Amino acid sequence: MKTCFKLCAVSLLTFASVASVQAAQTNIVQTLNFKLTVWSQGPTTTNGNIVTVQANQQSIITKDIIGWLGAATTNNFVNGQLLVINELGVPAAKTHIIVRTKTPITKKTAITNDVDVSDFFASVTYAATVNNFSYDSANNVVNAGTYRGYWGFYLLNNPGYPTLPVTFQVTGLGVDSATSIVGQKKVVYGLVDQFSIINAAGTGEMNGNTFIIAGDITIGDGKKFSTKNLEVTP
Amino acid sequence: MRLTTLVAVLLLTGLVLFLAGWFRPHSKPAAAAPSPSSSVPLEEAASIQVAAPQLQTVAPSTLPPVAAAATPDAQTIENRIAELETLALNDDTNSLQLILVALSDANPEIRGAALESTIQFGSPDAIPALQSVLAKTELAEEKVKIQEAIEFLKLPPLVTTVPSMP
Chain F
50 MKTCFKLCAV SLLTFASVAS VQAAQTNIVQ TLNFKLTVWS QGPTTTNGNI
100 VTVQANQQSI ITKDIIGWLG AATTNNFVNG QLLVINELGV PAAKTHIIVR
150 TKTPITKKTA ITNDVDVSDF FASVTYAATV NNFSYDSANN VVNAGTYRGY
200 WGFYLLNNPG YPTLPVTFQV TGLGVDSATS IVGQKKVVYG LVDQFSIINA
250 AGTGEMNGNT FIIAGDITIG DGKKFSTKNL EVTP
Chain V
4 MRLTTLVAVL LLTGLVLFLA GWFRPHSKPA AAAPSPSSSV PLEEAASIQV
54 AAPQLQTVAP STLPPVAAAA TPDAQTIENR IAELETLALN DDTNSLQLIL
104 VALSDANPEI RGAALESTIQ FGSPDAIPAL QSVLAKTELA EEKVKIQEAI
154 EFLKLPPLVT TVPSMP
C-alpha cells in the first residue's frame with residue numbers, strides 16, 4: 050500500500066512538472082521606436098504688403114506616443130517602455146504591443162506592469178514581400194533572411210477608449226530581417242523579426258487638423274538579437 | 004595497529020607527493036622581448052623584413068581588467084545598450100549625461116545606441132554635446148547621423164501637454 054502511495058505521488062509530481070513545462074511560453078520582446086517629423090499648416094500673417102504663410106514643423110518620439118496611450122487608457126506610463134512581444138513556437142502566434150512600466154521596490158527588484166495597447170496599432174502589407182532567404186527542406190528550417198515590402202503602419206483610436214490627441218498612418222519600404230533563434234543542440238526554435246520602415250511618409254490628424262508626417266519606425270532598433278530579448282512566461 | 008598503518012600510509016603519500024613536485028619540469032623563463040628603443044639607422048630599418056608577429060587568442064576573462072574593458076565582449080556591449088535604452092526612458096539630467104558620455108565610446112555599437120537613446124530621450128539640452136561630438140567625429144556616416152539627430156532635437160514636440168494621470 051505504501052509503495053502504491055509513493056508511486057502515485059511520484060506520478061503526480063512528474064505530471065505536474067511536465068504540465069508546468071508545457072504551460073511555459075517563450076516570447077520575443079523587442080523595443081518599438083518612433084522618430085517622426087510632422088508638418089502642419091501654421092498661421093498666415095500680414096504685415097503691410099507682405100503676407101507670410103508659415104509651416105509648423107514638430108517631432109514625435111516614442112515617449113510622446115506612450116504619453117498619449119497613457120492618457121487614453123488612464124494609466125501612468127511615466128518611464129514606460131513600448132515593446133513588441135511575439136510568441137515563439139506557437140501555431141498562429143500572436144503579436145502584442147505593450148507598455149511596460151517598472152516600479153522599483155528595492156535596489157534590485159521592481160514590480161513590472163504590462164498594459165496591452167495592441168488595439169491602438171495596426172500594420173498592413175500592401176504588396177507581396179520580396180524575399181531573400183534560404184530554406185533547408187530536409188530539416189524544415191528557415192535560415193536568416195530579409196523580407197522587403199510596401200508596408201503601412203497605423204496609430205489608431207481604439208473604440209471604448211477616449212480618443213488619442215494624435216493619430217497617423219504612414220507607408221513606406223519596410224525591411225523585415227529575420228534571424229533564427231538557435232538553442233542548444235542547434236535546434237532552431239523560431240525566427241526573430243526586426244522590422245523597420247525608414248523614411249516612411251503619410252498623414253495624420255491632431256485635434257481635427259490634418260498634417261503630413263515622415264520618419265522612422267523600428268522594431269528591435271537594428272541591434273543584434275540576444276537572449277535578453279527572450280522572456281519565459283508561466 | 005590500525006593507527007600505525009594509517010600513519011604509515013600518510014607518510015608514504017606525503018613522500019610520493021613531495022617527490023612528484025621535485026621532479027616536475029620547471030617552466031622556462033620567457034624569452035626577452037626585443038627592446039623597442041634599439042637604435043637602427045632609418046635606411047637599414049626600411050630594408051629590414053620583419054616577420055608578422057604571431058598573435059595569440061586570449062580569452063577576455065584571462066585579461067587584466069583594464070585590457071578587458073578596452074575590448075568589451077558581446078555580453079558587456081548588450082548590457083551597455085540595455086542600460087542606455089533604460090536611461091532614455093527617464094527625464095532627469097543625470098540620465099541624459101550618462102547617455103551623452105556614451106556618445107564618445109570606443110565601440111561603434113555603443114555609440115550608435117547612445118545616439119538613438121539621445122534622440123529618444125528627446126531633450127534639446129543634448130544639442131551642445133552632440134555638436135561637440137560631431138566636431139570630433141571623423142567617420143562620415145556617423146557625422147551624418149549626428150547632424151540629423153541635432154536637427155531632429157531642434158524641433159518642438161507635436162503635443163507639449165498631455166492630460167496628467169492619477
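From first to last, the protein sequence lines stand for chains F and V.
Under the working numbering, the first residue of the first sequence is numbered 50, with each subsequent residue one higher.
Under the working numbering, the first residue of the second sequence is numbered 4, with each subsequent residue one higher.
All C-beta atoms, glycine included, are put in the ideal place defined by N, C-alpha and C.
None of these values were measured; they are calculated from a predicted model.
- Residue environment: V:L90 is assigned as buried (16 or more neighbouring CB atoms within 10 Å of its CB, all protein chains considered).
- According to DSSP, residue pairing for F:G221 in a beta bridge involves F:W200.
- Residues of the same chain with a CB within less than 7 Å of the CB of F:V133, apart from the 5 flanking positions on each side, are Q79, L81, T144, I146, I268 in chain order.
- Secondary structure at F:K84: strand, using DSSP grouped into helix, strand and coil.
- If you compare the alpha carbons of F:F83, F:T282, F:F126, F:P214 with that of F:T152, the shortest gap goes to F:F126.
- Taken in chain order, the members of the stretch 93–113 of chain V whose beta-carbon sits within less than 7 Å of a beta-carbon on chain F are N93.
- Following the DSSP letters along the chain, one finds V:K146 in no beta strand (DSSP E) but inside the alpha helix (DSSP H) bounded by residues 143–157.
- Counting only residues of its own chain and dropping the five nearest sequence neighbours on each side, F:P214 has a CB closer than 7 Å to the CB of W117, M255, N256.
- The straight-line gap separating the alpha-carbon atoms of F:N76 and F:I110 is approximately 25 Å.
- For F:A263, the enclosing beta strand (DSSP E) has its first and last residue at 258–268.
- Nearest C-alpha to F:Y175 among F:Y199, F:F260, F:V191: F:Y199.
- If you draw a 10 Å sphere on the C-beta of F:N135, you find 16 or more other C-beta atoms in it, and that means buried.
- Under the three-state reduction of DSSP output, V:D94 falls in the coil class, being neither helix nor strand.
- For V:V162, at least one C-beta of chain F is nearer than 8 Å to its own C-beta.
- Taking 8 Å as the upper bound for CB-CB distance, F:L204 and F:T195 are not in contact here, some 26 Å apart.
- For V:L103 and V:T121, the gap between their C-alpha atoms comes out near 7 Å.
- In this structure F:D168 is not in contact with F:R149, their Cβ atoms being roughly 17 Å apart against a cut-off of 8 Å.
- In this structure, the beta-carbon distance from F:D113 to V:L161 falls below 8 Å.
- If you look at F:I109, you'll find it in the beta strand (DSSP E) that goes 99–110.
- Residues are counted here when their Cβ sits less than 9 Å from a Cβ of chain F; for the stretch 113–126 of chain V these are G115, A116, E119, I122, Q123, F124, G125, given in chain order.
- Residues of the stretch 138–159 of chain V with a C-beta less than 7 Å from any C-beta of chain F: F155, L158, P159, listed in chain order.
- As the crow flies, the alpha-carbon of F:F182 is around 28 Å from that of F:A250.
- In its chain, beyond the 5 residues on either side, I84, L87 have a beta carbon closer than 6 Å to the beta carbon of V:A116.
- The Cβ atoms of F:G91 and F:Q103 lie closer than 8 Å to each other.
- Taking 7 Å as the upper bound on Cβ-Cβ separation, chain V lies near no residue of the stretch 146–175 of chain F.
- Linking V:I130 to F:S245 through their CA atoms gives a straight-line distance of about 26 Å.
- F:A263 is a Cβ neighbour of F:L85, given a cutoff of 8 Å.
- Closest in alpha carbon position to F:G201, among F:V190, F:A177, F:I115, F:N189, is F:A177.
- Contact between F:N128 and V:L92 holds, with the beta-carbon distance rounding to 5 Å and staying under 8 Å.
- With the criterion set as a beta carbon lying under 7 Å from some beta carbon of chain F, the members of the stretch 80–93 of chain V are E81, I84, A85, E88, L92, N93, in sequence order.
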